[in-house]
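Single-structure report; data block below.
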Amino acid sequence: MAGEQTTDVVVVGLGAIGSNATWRLAQRGLRVIGIDQHEPGHPWGGSHGRTRLFRVACLEHPGLVPIAQRARELWRELSALSGQELLLETGGIMIGPPGSRIIEGTLTAAREHDLPVEQLTPEQIAERAPGHARVDPGDIGVWDPDAGVLRPEAAIVAAAEAARAAGAELITGQRVQSIEADSDGVTVRLADRDVRADRVVVAAGPWLAKLVPSIPLTPHRYVMTWFRARDGHDASLDRLKVFIRSAPGSDEWMWGHGALPGDLAKVGDEFDGPFEADDPDAIDREIHPGETDHIAGLVGATFKDLEPEPAEQVTCIMAHTPDGQFVVGPSDDTGRLIVAGGCSGHSFKHASALGELAAQWAHGEELFTEASFLDPRRFG
Ligand SMILES: Cc1cc2nc3c(=O)[nH]c(=O)nc-3n(C[C@H](O)[C@H](O)[C@H](O)COP(=O)(O)OP(=O)(O)OC[C@H]3O[C@@H](n4cnc5c(N)ncnc54)[C@H](O)[C@@H]3O)c2cc1C
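Right under this line is the structure:
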């Protein structure tokens, strides 16, 4: 017979969002238990690979700007608590044809929130970020001075440690088997016990739909790719700033950044659907011959300072919603089952603030920003 433990809130998943939700809940004085099947900072979900891009002028939705701004405050707070620079605030650049989604999305977000972005000509791009010299003459740049690079594994470990220091109990190496919500509370089932709580936050990343099948989420295998500088070239972050850009002579998007000290440059191609669904428990972790030829071709055509042959490749899992926006909030009529996820390839930067939103839902507080576009029930 399994034992039963009681608490105010259980957080399922101590990845990017869940570790932060646990911290924000514990920091409010609630009794919180955070549970993960692995250890914080592990490489099996959607949040490993040494770096993630941070942007404030979010081209994906103007409503994400206040979330990125709150996230930045929280990343800074976590940096101070952990004594590590988790967010490198370097500025970054979006490059593409006027009117394209990269440019228009960024400018719309900036206009709606009065952000201090700058528009740049190709010549100005080459001055500001010389690693981006190969730009189509008709393209323009938008400089986001608030962009930068996050260190995901360290940030997750820092949030988990901050949660523990604020009084949360963390259970790792145990998989949640099921979650049942009723009008009085929720039961979270582990192999050796049930945990009964007032509310649960399910931040299970690519596994979210396994626990909450009403969320339409497509987990998808993605290969991250790193590149060396060509001999005698400088491909440091200083020259190749954080970017999202169209490839020369093509509609394709790329994202990435130059090398941080002691590391490699990272470049990826854009991941707009349609996607095949992959079982997150059965992701093929091997890199197969030819799999990175496409990104190597794009890098060869775009960056004069990078060796086009990938220097390192690692698999990761993205979890896409049908509209590319996250899901944060109650997912059923009890109001006790709160989900926080649906990364769609752009949620790490927001994870600290998405954790805060999940904590506000679980604590019954007014949200710090308008977030109806993230309502998990919007898909019907
Ligand atoms: C290649 C790639 C590049 C990306 N680039 C960017 C970027 O540049 N900028 C950006 O902002 N975002 C980016 N993202 C998105 C972002 O990194 C993450 O995908 C996102 O932060 C996922 O966070 P999460 O908390 O939802 O999931 P995860 O961090 O994966 O956490 C989910 C956790 O839940 C646990 N879990 C799941 N099921 C159970 C269970 N049953 N029991 C116990 N534990 C469970 C898992 O072990 C895991 O620790 C990128 C994603 C990928 C894959």
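Numbering-wise, the sequence shown is residues 16 to 395 according to the numbering used here.
C-beta: ideal position from N, C-alpha, C; glycine also.
When Leu232, Glu168, Asn35 and Val210 are compared against Arg392, the one with the closest alpha-carbon: For the purposes of this step, residue 392 is identified with residue 377 of the sequence shown, where counting begins at 1. Out of Leu232, Glu168, Asn35 and Val210, Leu232 has the C-alpha closest to the C-alpha of Arg392.
Is the closest heavy atom of ligand 1 to the C-beta of Ala355 under 8 angstroms? In the sequence shown, residue 355 corresponds to position 340, counting from 1. Ala355 Cβ: within cutoff of ligand 1.
Which two residues bound the contiguous beta strand (DSSP E) that contains Ala334? Within the sequence shown, the letter at position 319 stands for residue 334. Per DSSP, Ala334 belongs to the beta strand (DSSP E) from Glu327 to His335.
Do the segment 370–390 and the segment 242–256 make contact, defined as three or more Cβ pairs closer than 8 angstroms? The answer is no - the segment 242–256 does not touch the segment 370–390, with fewer than three Cβ pairs under 8 angstroms.
Which residue wins for smallest C-alpha separation from Ala177, given the options Gly339, Ala311 and Gly44? Numbered from 1 along the sequence shown, position 162 holds the residue referred to as residue 177. Nearest option by C-alpha distance: Gly44.
Cβ shell of Ser367 (< 6 angstroms), same chain only, five flanking positions each side left out: As a position in the sequence shown, residue 367 is number 352, starting the count at 1. If we look at Ser367 and ignore the five residues flanking it on each side, its Cβ neighbours are Asn35, Ala86, Leu89 and Trp90.
I need the DSSP call for Phe394, collapsed to helix, strand or coil. As a first step, residue 394 is located in the sequence shown; it is residue number 379 there, counting from the start. Here DSSP, grouped into helix, strand and coil, assigns Phe394 to helix.
Can you find a C-beta in chain B that's less than 9 angstroms from the C-beta of Ala368? Any reference to chain B falls outside this structure, which holds one protein chain only.
Tell me whether the segment 303–312 and the segment 142–158 touch, counting them as touching only if at least three CB pairs, one residue from each stretch, are closer than 8 angstroms. These segments do not touch.
Going by beta-carbon coordinates alone, are Pro234 and Met333 separated by less than 9 angstroms? Translated into the one-based positions of the sequence shown, residue 234 becomes position 219. Translated into the one-based positions of the sequence shown, residue 333 becomes position 318. Note that the C-beta distance between Pro234 and Met333 is below 9 angstroms.
Boundaries (first-last residue) of the alpha helix (DSSP H) holding Glu127: Counting from one through the sequence shown, the residue named residue 127 turns up at place 112. Arg116 to Glu127 is the extent of the alpha helix (DSSP H) around Glu127.
Length of the line joining the Cα atoms of Asp320 and Leu279: As a working note, residue 320 is residue 305 in the sequence shown. As a working note, residue 279 is residue 264 in the sequence shown. Cα-Cα distance, rounded: 12 angstroms.
Met16, buried or exposed, once every other Cβ within 10 Å from all chains shown has been counted against 16: Here residue 16 corresponds to residue number 1 of the sequence shown, with the count starting at 1. Any answer about Met16 is weak, because its pLDDT of 47 lies below 50 and its placement is not dependable; what the coordinates show is given next. It counts as exposed.
Within the same chain, show all residues whose beta-carbon is closer than 8 angstroms to that of Gln20, passing over the 5 residues directly before and after it, in chain order. Along the sequence shown, one-based indexing puts residue 20 at 5. Cβ within range, chain order: Ile48, Arg208, Asp209, Val210 and Arg211.
Locate the beta strand (DSSP E) running through His309, then write down its first and last residues. For the purposes of this step, residue 309 is identified with residue 294 of the sequence shown, where counting begins at 1. Membership of His309 in any beta strand (DSSP E) is not indicated; the residue belongs instead to the alpha helix (DSSP H) covering Asp308 to Thr317.
Apart from the five residues just before and just after Arg300, which ones in its own chain have a Cβ nearer than 8 angstroms to its Cβ? Numbered from 1 along the sequence shown, position 285 holds the residue referred to as residue 300. Around Arg300: Thr330.
Please list the segments of the alpha helix (DSSP H) lying wholly inside the segment 218–306, counting only runs of 4 or more residues, in order along the chain. 223–226
4-residue-minimum alpha helix (DSSP H) runs that sit fully inside the segment 333–383, ordered along the chain: Given a length threshold of 4 residues, each whole run of the alpha helix (DSSP H) inside the segment 333–383 is given here in chain order: 366–378.
Per DSSP, what kind of secondary structure is Ser62 in: helix, strand or coil? On the sequence shown, residue 62 is found 47 positions in, with the first residue counted as 1. If DSSP states are grouped into helix, strand and coil, Ser62 belongs with coil.
I'd like to know whether the C-beta atoms of Gln340 and Gly357 end up nearer to each other than 9 angstroms. Here residue 340 refers to the residue found at position 325 of the sequence shown. Here residue 357 refers to the residue found at position 342 of the sequence shown. For Gln340 and Gly357, yes; Cβs fall inside 9 angstroms.
Should Tyr412 and Gly305 be called a contact, given that it needs their Cβ atoms to be closer than 9 angstroms? Residue 412 is absent from the structure shown; the chain starts at 16 and stops at 395.
Considering only the alpha carbon of each residue, which of Ile171, Gly64 and Leu135 lies closest to Ser94? Taking the sequence shown and counting its residues from 1, one reaches residue 94 at position 79. Considering only alpha carbons, the answer is Ile171.
If you draw a straight line from the alpha carbon of Ala162 to that of Ile110, how long is it in whole angstroms? Start at 1 with the first residue of the sequence shown, and residue 162 comes out as number 147. Start at 1 with the first residue of the sequence shown, and residue 110 comes out as number 95. Taking the straight line joining both Cα atoms gives about 14 angstroms.
Ordered along the chain, which non-local residues of its own chain (more than five positions away) have a Cβ less than 7 angstroms from that of Leu389? To locate residue 389, count along the sequence shown from 1; it is residue 374. So the qualifying residues of the chain are Gln340, Phe341, Val342, Val343 and Gly344.
Residues near Ala124 in its chain [Cβ-Cβ closer than 6 angstroms; skip 5 each side]: For the purposes of this step, residue 124 is identified with residue 109 of the sequence shown, where counting begins at 1. Only Ala72, Cys73, Pro77 and Val80 meet the Cβ criterion.
Less than 9 angstroms separating the beta-carbons of Lys281 and Thr136? The count along the sequence shown starts at 1 and reaches residue 281 at position 266. The count along the sequence shown starts at 1 and reaches residue 136 at position 121. Contact: no.
Should Phe69 be listed as close to ligand 2, given that the test is whether its C-beta is under 8 angstroms from any heavy atom? Among the ligands present in this structure, namely ligand 1, ligand 2 is not found.
Limits of the unbroken beta strand (DSSP E) element including Leu135: Taking the sequence shown and counting its residues from 1, the one referred to as residue 135 is at position 120. Leu135 -> beta strand (DSSP E) spans Glu133 to Leu135.
Sheet register partners of Phe388 (DSSP bridge): In the sequence shown, counting from the first residue as 1, residue 388 sits at position 373. Answer is none; Phe388 lacks a bridge partner.
Residues in the same chain with beta-carbon distance under 8 angstroms from Gln328, minus the five sequence neighbours each way, listed in chain order, please. Against the sequence shown, residue 328 aligns to sequence position 313. The answer, listed in chain order, is Val238, Met239, Thr240, Trp241, Ile302, Glu306 and Thr307.
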